[in-house]
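S.K.: Below you will find the structure I want to go over with you.
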Amino acid sequence: MTATETSRVLVTGATGFVGSRLVPALIDQGYDVRAMTRRPQEYDGPGTPVGADVDDETTLGPVLDGIDVAVYLVHSLDHDDFESKDRDAARAFGKAAAAAGVRQVVYLGGLGADDQKLSAHLRSRREVESLLGEAGVPVTVLRAAIVVGAGGISWEITRQLVKNLPAMVVPRWAQTKTQPIALDDVIRYLVGVVDNDQALGRVFEIGGPEAMTYTQMLQVASEVMTGDAVPIVSVPVMSPRLSSHWLSLVTDTDTTTGRNLIDSMGVEVVVSDHSIRELVPGEPLSYQEAVRRALDEQGR
Numbered sequence: 042m043t044a045t046e047t048s049r050v051l052v053t054g055a056t057g058f059v060g061s062r063l064v065p066a067l068i069d070q071g072y073d074v075r076a077m078t079r080r081p082q083e084y085d086g087p088g089t090p091v092g093a094d095v096d097d098e099t100t101l102g103p104v105l106d107g108i109d110v111a112v113y114l115v116h117s118l119d120h121d122d123f124e125s126k127d128r129d130a131a132r133a134f135g136k137a138a139a140a141a142g143v144r145q146v147v148y149l150g151g152l153g154a155d156d157q158k159l160s161a162h163l164r165s166r167r168e169v170e171s172l173l174g175e176a177g178v179p180v181t182v183l184r185a186a187i188v189v190g191a192g193g194i195s196w197e198i199t200r201q202l203v204k205n206l207p208a209m210v211v212p213r214w215a216q217t218k219t220q221p222i223a224l225d226d227v228i229r230y231l232v233g234v235v236d237n238d239q240a241l242g243r244v245f246e247i248g249g250p251e252a253m254t255y256t257q258m259l260q261v262a263s264e265v266m267t268g269d270a271v272p273i274v275s276v277p278v279m280s281p282r283l284s285s286h287w288l289s290l291v292t293d294t295d296t297t298t299g300r301n302l303i304d305s306m307g308v309e310v311v312v313s314d315h316s317i318r319e320l321v322p323g324e325p326l327s328y329q330e331a332v333r334r335a336l337d338e339q340g341r
């Protein structure tokens with residue numbers, strides 16, 4: 042659906058990894074975009090800055106007033122009790138969106154089959170999907186695994202491991218399959234479902250063309266960055282807590298975020314439903330190209 046003069050979109054987390062790229066992409070498509078942040082006076086990006094905090098329900102009504110579509114890009118992996126925090130925020134946001142007459146909420150969630158034993162992180166993402174629509178606003182969900190782009194937590198872990206270690210001893214979870222996706226493709230899919238009647242109330246799985254283990258991802262990233270695949274040895278035992286301390290030693294990822302991410306890395310997350318390509322046509326970028334683009338942006 043083409044944007045019209047009355048299509049007003051609120052992007053939460055407008056200064057974040059995905060939000061900061063999504064706002065200009067939506068503006069390029071003709072949408073009137075409100076960029077939501079807790080510190081609007083410091084915002085220097087495109088769109089209209091508005092101040093609100095999903096943890097404070099009283100701030101949400103004014104920024105949602107007159108909005109047609111709200112894009113929800115909020116999570117709290119850096120908190121020990123992130124499940125409770127994200128649960129309360131999603132319920133409050135969905136309620137405020139319904140009261141304001143928002144006609145669509147778009148949410149970027151996490152891949153994982155419904156019949157799998159999901160990690161706490163992925164269970165929370167799934168719970169947020171339902172809570173956002175609890176008050177009646179149709180929710181469009183895009184479920185993704187690792188998003189590859191400059192500034193993304195998962196990509197930064199990969200980049201810094203390759204940069205800082207000439208060889209690696211990795212936990213068993215590094216043999217788990219995932220399906221990374223380029224940030225450019227995530228933005229393309231998000232723009233494609235915003236204000237799209239065919240996307241209302243639907244869940245889509247998005248990913249790049251390759252299902253890969255984390256070990257393969259590290260080796261491909263190493264080849265792009267250095268010209269050689271980094272030597273990697275897998276060890277059978279390394280707990281999520283020990284793994285998170287290992288990550289915090291060799292990257293700038295904090296221990297809490299690392300532990301919450303690592304809990305999910307033992308769960309295979311690959312795309313099984315390709316219906317998004319019918320709604321938003323186009324071939325997704327390869328992992329190798331996604332890595333190149335992330336490095337190029339990092340260099341700029």
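Numbering of the sequence shown is given in the numbering used here, commencing with residue 42 and proceeding in unit increments.
The C-beta atom is built at its ideal place from N, Cα and C for all residues, glycine as well.
Given a threshold of 16 other Cβ atoms within 10 Å of its Cβ, counted over all protein chains shown, does E175 qualify as buried or as exposed?
M.R.: Position 134 of the sequence shown, counting from 1, holds the residue named residue 175. That one is exposed.
S.K.: Using only the alpha-carbon positions, how far apart do A335 and L224 sit?
M.R.: As a working mapping, residue 335 is identified with position 294 in the sequence shown. As a working mapping, residue 224 is identified with position 183 in the sequence shown. Roughly 8 Å between the two C-alpha positions.
S.K.: For the region 62 to 95, which segments carrying the beta strand (DSSP E) assignment without a break, of at least 3 residues, lie completely within its bounds, in sequence order?
M.R.: Counting whole runs of 3 or more residues, the region 62 to 95 contains the beta strand (DSSP E) stretches 73 to 78, 89 to 92.
S.K.: Measure the beta-carbon distance from D109 to R164 and round it to whole angstroms, keeping in mind my assumption that it falls under 8 Å.
M.R.: Along the sequence shown, one-based indexing puts residue 109 at 68. Along the sequence shown, one-based indexing puts residue 164 at 123. Not confirmed; about 30 Å, so no contact.
S.K.: According to DSSP, is V311 part of a helix, a strand, or is it coil?
M.R.: Numbered from 1 along the sequence shown, position 270 holds the residue referred to as residue 311. The answer is coil: DSSP assigns V311 none of H, G, I, E or B.
S.K.: Distance, Cα to Cα, R213 vs S313?
M.R.: Position 172 of the sequence shown, counted from the first residue, corresponds to residue 213. Position 272 of the sequence shown, counted from the first residue, corresponds to residue 313. Rounded to the nearest angstrom, the two C-alpha atoms are 24 Å apart.
S.K.: Give me, in chain order, the residues of the same chain whose beta-carbon lies closer than 6 Å to that of T56; leave out the 5 immediate sequence neighbours on both sides.
M.R.: Taking the sequence shown and counting its residues from 1, one reaches residue 56 at position 15. Only T78 meet the Cβ criterion.
S.K.: Which same chain residues, not among the five before or five after G242, have their C-beta less than 6 Å away from its C-beta?
M.R.: Sequence index remark: in the sequence shown, residue 242 carries index 201 (1-based). So the list reads P179, once near-sequence residues are dropped.
S.K.: With a threshold of 16 other CB atoms inside 10 Å of the CB of H116, please say whether the residue is buried or exposed.
M.R.: Residue 116 sits at position 75 when you count from the first residue of the sequence shown. Buried, by the Cβ-count rule.
S.K.: Suppose you measure from the CA of Q239 to the CA of Y84; what does that come to, to the nearest Å?
M.R.: Along the sequence shown, read from residue 1 onward, the residue named residue 239 stands at position 198. Along the sequence shown, read from residue 1 onward, the residue named residue 84 stands at position 43. Those two C-alpha atoms are separated by around 33 Å.
S.K.: Please work out which residues of its chain come closer than 6 Å, Cβ to Cβ, to G54, disregarding the five sequence neighbours upstream and downstream, and give them in chain order.
M.R.: Locating residue 54 in the sequence shown gives position 13, counting from the first residue. Here the set comprises G60, L114, V115.
S.K.: Which residue or residues does DSSP assign as beta-bridge partners of K136?
M.R.: Residue 136 sits at position 95 when you count from the first residue of the sequence shown. According to DSSP, K136 bridges with nothing at all.
S.K.: Using the three-state DSSP reduction, which class does K158 fall into: helix, strand or coil?
M.R.: Counted from its first residue, the sequence shown places residue 158 at position 117. If DSSP states are grouped into helix, strand and coil, K158 belongs with coil.
S.K.: Label R80 either buried or exposed according to how many other C-beta atoms from any shown protein chain fall within 10 Å of its C-beta, with 16 as the threshold for buried.
M.R.: Locating residue 80 in the sequence shown gives position 39, counting from the first residue. Exposed.
S.K.: May I ask which residues mark the beginning and end of the alpha helix (DSSP H) holding Q145?
M.R.: Counting from one through the sequence shown, the residue named residue 145 turns up at place 104. Here Q145 belongs to no alpha helix (DSSP H); instead the beta strand (DSSP E) covers 145 to 151.
S.K.: If we define contact as Cβ-Cβ less than 8 Å, is G174 a contact residue for chain B?
M.R.: Chain labels in this structure do not include chain B; a single protein chain is all it has.
S.K.: Would you mind reading off the limits of the beta strand (DSSP E) that contains A208?
M.R.: Numbered from 1 along the sequence shown, position 167 holds the residue referred to as residue 208. Run containing A208: none; DSSP gives neither H nor E here.
S.K.: What is the rounded straight-line gap between the Cα of Q262 and the Cα of R128?
M.R.: Position 221 of the sequence shown, counting from 1, holds the residue named residue 262. Position 87 of the sequence shown, counting from 1, holds the residue named residue 128. One point to set straight first is that residue 262 is Ala, not Gln, in the sequence displayed. If I take the Cα positions, the gap works out to 35 Å.
S.K.: Give me the Cα-Cα distance between V210 and I273, rounded to the nearest whole angstrom.
M.R.: As a working note, residue 210 is residue 169 in the sequence shown. As a working note, residue 273 is residue 232 in the sequence shown. One C-alpha to the other measures close to 6 Å.
S.K.: What residue range does the alpha helix (DSSP H) around V178 cover?
M.R.: As a position in the sequence shown, residue 178 is number 137, starting the count at 1. First-last for V178: undefined, no H or E at that position.
S.K.: Can you say whether R184 is buried or exposed, counting buried as having 16 or more other CB atoms within 10 angstroms of its CB?
M.R.: On the sequence shown, position 143 is the one that residue 184 refers to. Flag for R184 reads buried.
S.K.: Please classify E246 as buried or exposed, where buried requires at least 16 neighbouring CB atoms within 10 angstroms.
M.R.: Counting from 1 along the sequence shown, the entry for residue 246 is found at position 205. It is buried - the Cβ of E246 has at least 16 other Cβ atoms within 10 Å.
S.K.: Compute the Euclidean distance between the alpha carbons of D342 and D269, then round it to the nearest angstrom.
M.R.: With the chain running from 42 to 341 in the structure shown, residue 342 is simply not present.
S.K.: Tell me which same chain residues have a C-beta within less than 6 Å of the C-beta of R75, skipping the five on either side of it?
M.R.: As a first step, residue 75 is located in the sequence shown; it is residue number 34 there, counting from the start. Cβ within range, chain order: L51, T89, V91.
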